[in-house]
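So that you can map any letter, position 269 of the sequence shown is 269 in the UniProt record's numbering, and since no number is skipped, the others follow by simple counting.
For reference, the structure is listed below as C-alpha cells.
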Amino acid sequence: MQRSLTTSSSVTMQQQRTFFTQQKSMQEQGRLVQLATQVGRIFGVQPHQVRMFNTTNTSGQSLEERSKAADEAAAKEKDAIEQHFFKAQEILANKDPKKVRNLAIIAHVDHGKTTLVDCLLKQSGIQFNDERAMDSNAIEKERGITIMSKCTSVIHKDYKLNIVDTPGHQDFGGEVERIMQMVDGVCLVVCATEGPMPQTKFVLKKALQHKLKPIVVINKVDRDSSRVQDVENEIFDLFCQLEATDEQLDYPLIYASARNGWAVKDRVEGKRDSVDDLFSAIISHVPHPEVDQNSEVKMLVSQTESNKYFGKMLIGRIFSGKISVGDKVQAVDSNKSVVEQAKIIKIIKKFGMNQVELDNAYAGDIVSVAGFTQGTVNQTINNIGKFNVIPSVPIDPPMISLQITYNDSPLKGTEGDKCTINLIRERIIREAEDDVSLRVNEATVGGERIEISGRGDLHLGVLIEKMRREGFELAVTPPQVIMQTDPLNPKRVLEPYEEVHIDTDMLYLPLIIEKINGRKGVLLNAEDQPDGRQLLKFKVPSRGLLGFRTELINDTRGSALMKSQFLEYDDHAGPVKKNPKGAIISTAQGLSTAYALRDIEEKGSLFVGINTPCYEGMVIGEYVLDDDMEMNPCKAKHLTNIRSKGSEEQIKLSPPKIFSLEEAITYIRDDELVEVTPKWIRIRKRVLNKDERRRIKRNAKKD
C-alpha cells in the first residue's frame, strides 16, 4: 500500500514538471510573437518575416528533446529580434536628413491629439504602456489634459519621425508657440463633431505664420454625431481666413478614429485597420530638414528636464553641425552672452517611451544633451568662442497676474515643510526658466509677496499645484487682469477680451445670456445644433470670465460646455458684477462640530465639514446676504445630566462645497486669500483678527 502511494506521488510530480515546462515554453513563445509583431510594424513587414520559430515535426520526440528544441528556437528568435532592434538604433543614429521628419500634433483641447500619438506609438510597436502615455506628469494624468509639450520618435520603415505632442488648452499656448521652431510640419487634429474651435484657430495661425506644412486629420468620424462634410468646409474656410498660402491650402486630408486605431485617406472605401495612411502622408508631405551638417554647431534649447542619472537635460533641435559626446560647447543667450561652458556627457534620443544613447547627433534631429547646469530655454548651444544665436519665437504676453506669499495662518507649518519666502522665491524663479509664458515681476522678487503672471488661472493654478505637492505652504491673492494702454493714446485703457463658445440646452439660454451681459459680454452669434442644443458665441472681457466657469456648471447642473480663446485687446468695459454674496467667517480656532455647523448652515452654504481644523478669520461658508457674518464653528453642545432621546441627537448636514485650486482662486474677494497646503485648500481673510477688520472697514467708509 505504501509503495503504491509512492508511485502515485512520483507520477504526480512528473506531471507537474511537464506542465510547468510546457507553460514556460508557451509563455516564452507568446512573448516573442508579440515582440515580433511589434518589430514587424516598425519596419513595415509581416510578423512571419521576423519570426524564426522551429517548425520541424516534433512527433516522436521525448519531452526533454521537445523542450530543448523549443529553447533553441526561442534563442534564435530572440537573437533575430535583437538584431532588428539594433537596426532600429542604427536608424535613430542615421545622419541622413532626408530620412528625418519633424512633426507637431496640434489641436483644440479634447480633440484627440494625445490619443492619436498613442496610436502612432502602438502601431510603431514601441509602446507597452497604458493610454495617454505621453502625459507622464501626475497632474496631466489626473486632469486628462496635456500641460507640457513632449517630443518622442518612432520609426516607420527606414524613416525617423520626431513627433511633438502639444497642449490644447489656451492657458498652455506658450508650449505650442515655443516648439514651432523644432518642426517642419504640423498635424492639425479636428473633432468631426465640434469642428474648428477657438484654440484650433490659435494653433493653426501660429503654424501658418511659421510657414509649416499642414496635414489635417478629422478625428472621431465614427461617432453618430459626426458631420464630416461640414467640418471639411469649416476647416478650409479657416485656412482661407488665416491667409494660408496656396501650398499650405494643398493639405492632405485624413479621416481617423484614434481611439479605435485607424486613419484612412478614403472615408468610404479605406481599410480601417491601421494608421499607415497617416504615416505615408507624414513622409510624403512634411519636408525633410534643410540643414548643413558640416558647419558649426547651432542647437536651440526649447525645453529642459531633469534626469536622475545625468542631471539637467537640454532638449532641442540641432539646426546645423554635429554634436558628439565629449564635445566642449557653450550656451549663449539672446544678448550673445555666454551663460555656461560645458562638456557633453550624454546624448539621449527619445524612442517611443524609451531612451537611446547616441554617440553623435546631427543637424535636423531633436535630441537631449547632458552636461549643463545653468543652460535653459531659448538659449543657443554653440562651439566654444562662437556666437551664432538662433532668434527665439516671440511669446504672446500674459493676461492674468496674482501674488504669492508664505502662509502665516495659525496652522502654518503643520502640513508642509517649505514655508519660507526664500524657498518659494527660488522655486518660482526655477519654474520661470523652463516655462517661457510665465513671467515674474522683478520688482517684487526681493519682497514678501512675489507677483507672477501667465496665460490664465489654470496656467498659474498648475504651478501652485506643483508647489503644493512638493511640500510648500502658500497664500495666494485673487487674480487680476493685466491692462494695457494704447501706444497712440496713453489715456486709452485696453483690456483683454476672449471669444467664448457655450454649448447649452435651450432651457438655460436666457440665464446664460443674462449672466454674460452682467459680466460685460456681448452675444456675437447663436447657432442651432443637430441635437437641439444651442451654440452661443460671445465676446467677453477676461476679467468677466474669472469664476464664471464654476458658476455656469452650477447654474446648468453640469450640462453646459464652455470653451474660450484670447481674441484681442479693446476698450475697458467698465465695472463687472461680482459675487453679491458675503462670507461666513470663523471666530474661533479648533475642530468644527456638527452642533455648530447646523446653525451655520441655516445662514448659507458650508465650505467645511465635521472635525475640520478651523481658525479665526477663516472663511467657512457663503452667506446668503451681501455682507459678512461671523460665527463660531467649534462650539460644542452644553452637557447636562438630563438624558435625551437618541433621535434628538441626530444632526444631518448637507455636503460642504469643496473647491479645486482654480475654483478657489477665482472665487475669493479682494480682501481674501487662498491658503494652499499639501493637505488643504482654505479660504481666509487677509486680516484674521475681527477687531482689526472692523477698524479697517470703518476707516474705508470715512475715506
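The beta carbon of each residue, even a glycine, is placed where N, CA and C say it ideally should be.
Going by beta carbon distance, what residues of the same chain come within less than 6 Å of residue i, once the five residues before and after it are set aside?
| i | result |
| --- | --- |
| residue 345 | 370, 371 |
| residue 404 | 450, 474, 476 |
| residue 459 | 171 |
| residue 677 | 415, 416, 473 |
| residue 444 | 450, 451 |
| residue 525 | 537 |
What is the rounded straight-line gap between the Cα of residue i and the Cα of residue j?
| i | j | result |
| --- | --- | --- |
| residue 329 | residue 313 | 14 Å |
| residue 108 | residue 167 | 8 Å |
| residue 627 | residue 581 | 7 Å |
| residue 251 | residue 238 | 13 Å |
| residue 657 | residue 259 | 35 Å |
| residue 434 | residue 304 | 6 Å |
| residue 89 | residue 357 | 9 Å |
| residue 183 | residue 277 | 20 Å |
| residue 394 | residue 380 | 15 Å |
| residue 531 | residue 337 | 59 Å |
| residue 207 | residue 199 | 12 Å |
| residue 446 | residue 428 | 13 Å |
| residue 661 | residue 397 | 23 Å |
| residue 257 | residue 315 | 31 Å |
| residue 44 | residue 334 | With a pLDDT of 47 at residue 44, under the threshold of 50, the predicted position of this residue should be treated as unreliable, and no value is reported. |
| residue 490 | residue 481 | 18 Å |
From the DSSP output, in three-state form, read off residue i for me.
| i | result |
| --- | --- |
| residue 651 | coil |
| residue 248 | helix |
| residue 69 | helix |
| residue 659 | coil |
| residue 697 | helix |
| residue 576 | coil |
| residue 622 | strand |
| residue 501 | strand |
| residue 231 | helix |
| residue 638 | coil |
| residue 373 | coil |
| residue 287 | coil |
| residue 309 | coil |
| residue 293 | coil |
| residue 486 | strand |
| residue 263 | strand |
| residue 704 | The structure shown does not extend to residue 704, since the chain spans only 1 to 703, so no value can be given for it. |
| residue 298 | strand |
| residue 97 | helix |
| residue 506 | helix |
| residue 182 | helix |
May I ask which residues mark the beginning and end of the beta strand (DSSP E) holding residue i?
| i | result |
| --- | --- |
| residue 379 | First-last for residue 379: undefined, no H or E at that position. |
| residue 257 | 253-257 |
| residue 705 | No statement about residue 705 is possible, as the shown extent of the chain runs from 1 to 703 and does not include it. |
| residue 361 | 360-362 |
| residue 103 | 100-107 |
| residue 152 | 150-156 |
| residue 191 | 185-191 |
| residue 668 | Premise fails: residue 668 is in no beta strand (DSSP E) and is neither H nor E. |
| residue 387 | Here residue 387 belongs to no beta strand (DSSP E), and DSSP marks it neither H nor E. |
| residue 340 | 338-343 |
Who are the Cβ neighbours of residue i in its own chain at under 8 Å, not counting the five residues just before and after it?
| i | result |
| --- | --- |
| residue 707 | Here the chain comprises residues numbered 1 to 703, so residue 707 is not present and cannot be evaluated. |
| residue 687 | 617, 671, 693, 696 |
| residue 293 | 95, 97, 320, 321, 322, 362, 363, 364 |
For residue i, is the beta carbon positioned less than 6 Å from some heavy atom of the ligand NAP?
| i | result |
| --- | --- |
| residue 370 | Because no ligand of any kind appears in the structure shown, any question about the ligand NAP cannot be addressed here. |
Whose C-beta lies closer than 7 Å to the C-beta of residue i among residues of the same chain, with five residues either side of it excluded?
| i | result |
| --- | --- |
| residue 513 | 523 |
| residue 590 | 614, 634 |
| residue 544 | 519, 520, 521, 576 |
| residue 419 | 406, 407, 412, 413, 473 |
| residue 226 | 192, 193, 220 |
| residue 484 | 494, 569 |
| residue 179 | 104, 149, 164, 166, 302 |
For the alpha helix (DSSP H) holding residue i, just list the boundary residues, first then last.
| i | result |
| --- | --- |
| residue 517 | 509-518 |
| residue 175 | 173-178 |
| residue 198 | 198-209 |
| residue 166 | Taken as a continuous stretch (DSSP letters only), residue 166 belongs to no alpha helix (DSSP H), as it is neither H nor E. |
| residue 114 | 113-123 |
For chain C, check one thing: does any of its Cβ atoms lie closer than 7 Å to the Cβ of residue i?
| i | result |
| --- | --- |
| residue 199 | The question asks about chain C, but that chain is absent: this structure has only one protein chain. |
**Study point:** alpha helix (DSSP H) runs contained entirely in the stretch 423-480, provided each spans 4 or more residues
**Key:** 457-469
**Study point:** Any beta strand (DSSP E) of 3 or more consecutive residues that is wholly inside the stretch 527-599
**Key:** Segments of the beta strand (DSSP E) lying fully in the stretch 527-599: 534-541, 561-571, 583-586.
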